[in-house]
Structures are given as structure tokens and as C-alpha cells.
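Undergrad:
Number of protein chains: 2
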Amino acid sequence: MSTLRERKKARTRADLQRHALRLFRDQGYAGTTVEEIAAAAEVSRATFFRYFPSKEDVVRYDDVDAVRDAVFAAQPAGTPLLVALRTALRTTFDQLGPERRELEELRMEIARTVPELRDRSQFTVAHAAEQVARSTGRDPSDFDVQLCAGVILGARLAAQSLSDRNPGLSFLEAMDAALARLETGVPLAGEPIVHRA
Amino acid sequence: MSTLRERKKARTRADLQRHALRLFRDQGYAGTTVEEIAAAAEVSRATFFRYFPSKEDVVRYDDVDAVRDAVFAAQPAGTPLLVALRTALRTTFDQLGPERRELEELRMEIARTVPELRDRSQFTVAHAAEQVARSTGRDPSDFDVQLCAGVILGARLAAQSLSDRNPGLSFLEAMDAALARLETGVPLAGEPIVHRA
DNA sequence: ATCAATAATGAGATCTAGTATCAAATACTA
DNA sequence: TAGTATTTGATACTAGATCTCATTATTGAT
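This is the structure we're talking about:
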């Protein structure tokens, strides 16, 4: 499956994303038009939209998923779910080459920073539920599976928020701490409420 | 504070949202232009954008928050956090009049169904964290507060997913069950992972 | 090597969301 | 009732996104 056509398409796609991320970093997301991205990659505006349905998708597009899944699958059977997630999270980045890792970090940085993109997580409950179901041998529509998937997504959101608020805390560190904390239950679940004056 | 000007503005805003939701229901979100909404409410397109910063905001806008906050605050101090949330959730809708309740259900239906809106929850970690912090007398930037807020958001997402998959299960019922389940910890947190053939 | 079928591209035209400006209309105030 | 402040409509403009059509490039087979 490595025909010339395929290779050119893959290259064009990568070029578009690389130039887009660079331009976004240098002049901001809103300050960069699709026209400019296309010009930098030496294609027409129409071609950009053939590769990426929208301007947002050029940031959302990510081929690291496969690596993360492989790392997760490489863990020994019997590992507790949250532990396996933590380990996969920490290991994944080390599996990438330096330039790919750098580009991926820039991509995540932009996806986390730009308001238009920040709230739109590419990870849905359905997506996470499928992974949880596969890992535990259960059905994706199972109540516990869905809720577990939702909680993992919630932990992601919390980790992003925590690393945004705390400059010294990276997202990966925050996520790691969040997963560890969840093993002992939901924080403040039984906390009595108070009424302030 | 009930001058004619204020009343007219409130009426125009309500008209725009009512007509927008009706049109979205009948012809779909993407299939309805702001032009059409403005025409239905008998104002100009420019006026629409004065009341709602974007087309999405006409679905996002919600005045039920105040009711929910009041219901939550009405609960006795000392109530466990998740229990207070469940109770507030179940009670809030009963406090609304029938037509307001129907419109609110349509609004939630559209917000949950339309792809462009589905992922953009109006509830952020920061928003939820503020409420958790207020209820428990803690700091919003506290680790446990942020994580608890994230988990509650995750439970929302899971409840939406569950009610989407299961036609007989309403969102409110799913959310209620999710909050109840979380009191005993995170489902499947310690579940051993398996590898399928 | 050539040729026909297929896929990718570029060049527009068009639609719509969103922003800015200015003059007319409407509500407030004294 | 006159003057002031606010709201509105009309208009023009930018940019994202879709569509069509002619042109170019790639492929597979002769």
C-alpha cells in the first residue's frame, strides 16, 4: 500500500499540518488564515479543505493514538485498569522520535491553549468506553463501563485545568496524580456541604 | 429594575431563543440560518448577534442555572456533596412551569444531539470547581476540588452517553444513577485488564 | 511507450457566521 | 416637551466552508 499517490497524499497532509502548527505558533490561531497555510504548503485553499474538513481539524488530527494503544496493549494481563492507564500515559511519549515528539507537543500545546479548540476534546465517552470495554472484557454499553469512561474523561479535564492554573505542573504529571487519586474513590464525594454567610 | 427597555430586551431575547429552538427542531441546526431566526423573531440579523455572540450561544443560553443554584442552597448544611447534587438535580425541574420546562427540555435535547454543540459543554471544570469549592468551604484551585469537579463533569458526559444509547433512559435518571454509583468509588478502577485473541 | 480511466488539484463562485460603522428610531430624564 | 442615551436596521467587509468545472497527474493495461 505504498503507491506514489499514497505517499504524496501523506506528505501533503503532513506538510499542511506542520506549516499550520508553525504558523499558529508564530502568529496565533485566529491570526492565521487557511489561505496562508495553503500558501506555505504550496497548495491551494481548496486542497487544504480536502485534507482537513475544517481549520480546527488540522490541530485535532493526531496519529499518536496508535502508539498509545500499542503501549497499553503491551502491559501484562491482570494489571489494574487505572494503573495500566497511568503506565501507558507515562511511557507513550518515550516511544516517539524527537521531531515527532516535538511536533506532538506543539500540537497539544495549541489544542490546550486556543480557546476555540480547548473545550473540544477529541476524546468522547464512546471512544474511552470502547477502550475500557476492550481492556476489561466487558460490553461498551455496560453502565459501569460508560461511567468509568466518563470519569477518566473528567480526570483529563481536571488535569488540564490543574496544569493551566499551576505553571509548574505539566499535564502529564497532573493526569498521573489524578489517576492515582481516583484509585481511592471520588474526592470529596461524602464531604458535608456548608453555607457561607 | 423593570423599565420598558428592560422588558423589551428580555422579550426579544426570549423570542429569539424560542424561534431558534423551534426552527432547529424542525429543520435542523445547520439547516437554519441566523437570517431565518432573525426573520422569525422580526428583528434584523445584526440584532441577533447583539443578543447572542454566536449562533451556538442561542442554544447554550440558559436561565435555569439560577433555579438550580437556589434549590442546591436550600438544602440543609451537612448533606453529603453527591447527595446534595442528586437532590438538587431531581428537584430543579419540578420548580419550573410547564412551558418553561418543555422549552428547557428541547434546549437540552438540541444541545445534546447536535454535533457542533455536543462537545462544547457549557459546564467547564472551572465552573463546577467553583460550585464544589463554595459548597465545601474549600479553595477552587485545590487538587481534590478540581478533580471532584472533573469527575462530576465526567458523570454528566457518561449520563448523556447512556441516555443516548438507551431510549428508555432519560438523562436525569442516568445522571441520578451515576451520582449514586460514584458514592462507592470509581467503577472498574481496580479491574484487571485482559487481552483478547 | 502509449493510452484510457481514475484521482488530485486549482480557480473561481457562492453561502453563511461574525464584526464594524453609521444613521434612524425608540425609550428615558428633567 | 426637549434633549440625551440606548437600541436598532442597513450596509459593507472578512474569513471559513461548500461546490462546480476544467486541468493536471497517476495508475494499470495494452
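These protein sequence lines map, in sequence, to chains Y and P.
Letter by letter, the first sequence follows residues 1 to 197 in the working numbering.
Letter by letter, the second sequence follows residues 198 to 394 in the working numbering.
Where a beta carbon is used, it is the ideal one built from N, C-alpha and C, also for glycine.
Between the alpha carbons of Ala274 (chain P) and Glu388 (chain P), how many angstroms are there, rounded?
TA: As a working mapping, residue 274 (chain P) is identified with position 77 in the second sequence. As a working mapping, residue 388 (chain P) is identified with position 191 in the second sequence. Ala274 (chain P) and Glu388 (chain P): Cα-Cα distance of roughly 36 Å.
Undergrad: Within the 8 Å Cβ cut-off, does Gly198 (chain Y) reach chain P?
TA: Nothing can be reported for residue 198 (chain Y): it is not among the residues displayed for chain Y, which extend from 1 to 197.
Undergrad: Note down, in chain order, every chain P residue with its Cβ under 8 Å from the Cβ of Ser44 (chain Y).
TA: In the first sequence, counting from the first residue as 1, residue 44 (chain Y) sits at position 44. By Cβ distance, chain P contributes nothing, its closest Cβ being about 25 Å from Ser44 (chain Y), past 8 Å.
Undergrad: Between the segment 361 to 378 of chain P and the segment 167 to 183 of chain Y, are three or more C-beta pairs nearer than 8 Å?
TA: With the cut-off at 8 Å, the segment 361 to 378 of chain P and the segment 167 to 183 of chain Y do not touch.
Undergrad: Which bits of chain P does Val145 (chain Y) rub up against, with CB to CB less than 9 Å?
TA: Residue numbering aside, residue 145 (chain Y) sits at position 145 when the first sequence is read from its first letter. Within chain P, the residues near Val145 (chain Y) are Pro384, Leu385.
Undergrad: Using a C-beta to C-beta distance shorter than 7 Å, which residues of chain Y count as neighbours of Ser360 (chain P)?
TA: As a working mapping, residue 360 (chain P) is identified with position 163 in the second sequence. Within chain Y, no residue comes near Ser360 (chain P); the closest Cβ sits about 10 Å away, beyond 7 Å.
Undergrad: At which residues does the alpha helix (DSSP H) containing Glu130 (chain Y) begin and terminate?
TA: By 1-based counting over the first sequence, the position of residue 130 (chain Y) is 130. Taken as a continuous stretch (DSSP letters only), the alpha helix (DSSP H) holding Glu130 (chain Y) covers 125 to 136.
Undergrad: When you compare each of P:Gly294, P:Leu293, P:Gln272, P:Pro295 to Thr284 (chain P) by their alpha carbons, which one comes out closest?
TA: As a first step, residue 284 (chain P) must be located in the second sequence, where it is residue number 87. Cα-wise, what sits closest to Thr284 (chain P) is P:Gln272.
Undergrad: Look at Leu213 (chain P) and Tyr248 (chain P) and say whether their C-beta atoms are less than 8 Å apart.
TA: Position 16 of the second sequence holds residue 213 (chain P). Position 51 of the second sequence holds residue 248 (chain P). Contact: yes.
Undergrad: In terms of DSSP beta bridges, what is Pro277 (chain P) paired with?
TA: Here residue 277 (chain P) is taken as the residue at index 80 of the second sequence, counted from 1. Paired residues: Y:Pro192.
Undergrad: Does the separation of the CB atoms of Leu82 (chain Y) and Ala352 (chain P) fall below 8 Å?
TA: Locating residue 82 (chain Y) in the first sequence gives position 82, where the first residue counts as 1. Locating residue 352 (chain P) in the second sequence gives position 155, where the first residue counts as 1. For Leu82 (chain Y) and Ala352 (chain P), no; Cβs fall outside 8 Å.
Undergrad: Spell out whether any CB of chain Y is found under 8 Å from the CB atom of Gln272 (chain P).
TA: Counted from its first residue, the second sequence places residue 272 (chain P) at position 75. Yes, because at least one Cβ of chain Y sits closer than 8 Å to the Cβ of Gln272 (chain P).
Undergrad: Going by alpha carbons, who is nearest to Leu312 (chain P) out of P:Phe269, P:Ser332, P:Glu253, P:Val268?
TA: Taking the second sequence and counting its residues from 1, one reaches residue 312 (chain P) at position 115. With the sequence shown as reference, residue 312 (chain P) is identified as Pro, and Leu is not the correct amino acid for it. Out of P:Phe269, P:Ser332, P:Glu253, P:Val268, P:Glu253 has the C-alpha closest to the C-alpha of Pro312 (chain P).
Undergrad: Just to check, is the beta-carbon of Asp139 (chain Y) closer than 7 Å to a non-hydrogen atom of the ligand NAP?
TA: This structure does not include the ligand NAP; it has no bound ligands of any sort.
Undergrad: Tell me which residues of the segment 3 to 19 of chain Y have at least one Cβ-Cβ distance to chain P shorter than 7 Å, keeping chain order.
TA: Residues: none.
Undergrad: State the DSSP-derived secondary structure class of Gly365 (chain P), mapped to helix, strand or coil.
TA: Here residue 365 (chain P) corresponds to residue number 168 of the second sequence, with the count starting at 1. Looking at Gly365 (chain P) - three-state DSSP - the assignment turns out to be coil, as it is neither helix nor strand.
Undergrad: Against chain P, with Cβ distances strictly below 8 Å, would Arg134 (chain Y) count as a contact?
TA: Position 134 of the first sequence, counting from 1, holds the residue named residue 134 (chain Y). Taking Cβ atoms only, chain P reaches closer than 8 Å to Arg134 (chain Y), which makes this a yes.
Undergrad: Helix or strand or just coil, what does DSSP make of Gln272 (chain P)?
TA: Here residue 272 (chain P) refers to the residue found at position 75 of the second sequence. Three-state DSSP puts Gln272 (chain P) in coil, outside helix and strand.
Undergrad: The alpha helix (DSSP H) spanning Arg120 (chain Y) covers which residue range?
TA: Counting from 1 along the first sequence, the entry for residue 120 (chain Y) is found at position 120. That residue, Arg120 (chain Y), is in no alpha helix (DSSP H); it is neither H nor E in DSSP.
Undergrad: What are the residues in the segment 256 to 267 of chain P lying within 9 Å of chain Y by C-beta distance?
TA: Within the segment 256 to 267 of chain P, no residue qualifies.
Undergrad: Looking only at its chain, what residues have a beta carbon closer than 7 Å to the beta carbon of Phe245 (chain P), apart from the 5 residues adjacent to it on each side?
TA: If you number the second sequence from 1, residue 245 (chain P) lands on position 48. Excluding positions up to five away in sequence, the list reads Leu213, Val231, Ile234, Ala235.
Undergrad: What number of angstroms, rounded off, separates the C-alpha of Thr79 (chain Y) from the C-alpha of Gln131 (chain Y)?
TA: Taking the first sequence and counting its residues from 1, the one referred to as residue 79 (chain Y) is at position 79. Taking the first sequence and counting its residues from 1, the one referred to as residue 131 (chain Y) is at position 131. Their Cα atoms are separated by approximately 15 Å.
Undergrad: What are the boundary residues of the alpha helix (DSSP H) that Ala41 (chain Y) is part of?
TA: Translated into positions along the first sequence, residue 41 (chain Y) becomes position 41. Here Ala41 (chain Y) belongs to no alpha helix (DSSP H), and DSSP marks it neither H nor E.
Undergrad: Taking Cβ positions only, does Pro312 (chain P) come closer than 8 Å to chain Y?
TA: For the purposes of this step, residue 312 (chain P) is identified with residue 115 of the second sequence, where counting begins at 1. It does not: the Cβ of Pro312 (chain P) has no partner Cβ on chain Y nearer than 8 Å.
Undergrad: From what residue to what residue does the alpha helix (DSSP H) around Glu6 (chain Y) run?
TA: Against the first sequence, residue 6 (chain Y) aligns to sequence position 6. Note, Glu6 (chain Y): alpha helix (DSSP H), 4 to 27.
Undergrad: The alpha helix (DSSP H) spanning Glu104 (chain Y) covers which residue range?
TA: The sequence position of residue 104 (chain Y) within the first sequence is 104, counting from 1. Start and end: 98 to 113.
Undergrad: Could you run through the segment 79 to 91 of chain Y and flag, in chain order, every residue whose CB is less than 8 Å away from some CB of chain P?
TA: Here the close residues are Thr79, Pro80, Leu81, Leu82, Ala84.
Undergrad: Nearest to Thr321 (chain P) by alpha carbon, out of Y:Leu153, Y:Ala129, Y:Asn166, Y:Glu109?
TA: Taking the second sequence and counting its residues from 1, one reaches residue 321 (chain P) at position 124. Thr321 (chain P) has its Cα closest to that of Y:Leu153, out of Y:Leu153, Y:Ala129, Y:Asn166, Y:Glu109.
Undergrad: For Phe340 (chain P), tell me which candidate among Y:Tyr61, Y:Asp142, Y:Arg134, Y:Ser163 has the shortest Cα-Cα distance.
TA: Position 143 of the second sequence, counted from the start, is the residue given in the question as residue 340 (chain P). Minimum Cα distance to Phe340 (chain P) is reached at Y:Ser163.
Undergrad: Residues of chain P with CB under 7 Å from Val125 (chain Y), in chain order?
TA: Here residue 125 (chain Y) corresponds to residue number 125 of the first sequence, with the count starting at 1. Simply Leu354, Ala355, Ser358.
Undergrad: Can you tell me which of Y:Thr184, Y:Tyr29, Y:Arg90 puts its alpha carbon nearest to the alpha carbon of Val59 (chain Y)?
TA: Walking along the first sequence from the start, residue 59 (chain Y) turns up at place 59. The candidate whose alpha carbon is nearest that of Val59 (chain Y) is Y:Tyr29.
Undergrad: Going by Cα to Cα distance, which pick from P:Val261, P:Gly334, P:Ala326 is closest to Gly347 (chain P)?
TA: Within the second sequence, the letter at position 150 stands for residue 347 (chain P). Looking at the Cα atoms, P:Ala326 is the closest of the given residues.
Undergrad: Using only the alpha-carbon positions, how far apart do Cys332 (chain P) and Val194 (chain Y) sit?
TA: Start at 1 with the first residue of the second sequence, and residue 332 (chain P) comes out as number 135. Start at 1 with the first residue of the first sequence, and residue 194 (chain Y) comes out as number 194. First, the residue type needs correcting, since residue 332 (chain P) is Ser and not Cys in the sequence shown. Roughly 6 Å between the two C-alpha positions.
Undergrad: Listing by chain order, which chain Y residues have their CB less than 8 Å from the CB of Ile390 (chain P)?
TA: Position 193 of the second sequence, counted from the start, is the residue given in the question as residue 390 (chain P). Ordered by position in chain Y, the residues that pass the 8 Å Cβ test against Ile390 (chain P) are Gln75, Ala77, Gly78, Thr79, Pro80, Leu81, Ala84, Ser135, Thr136.
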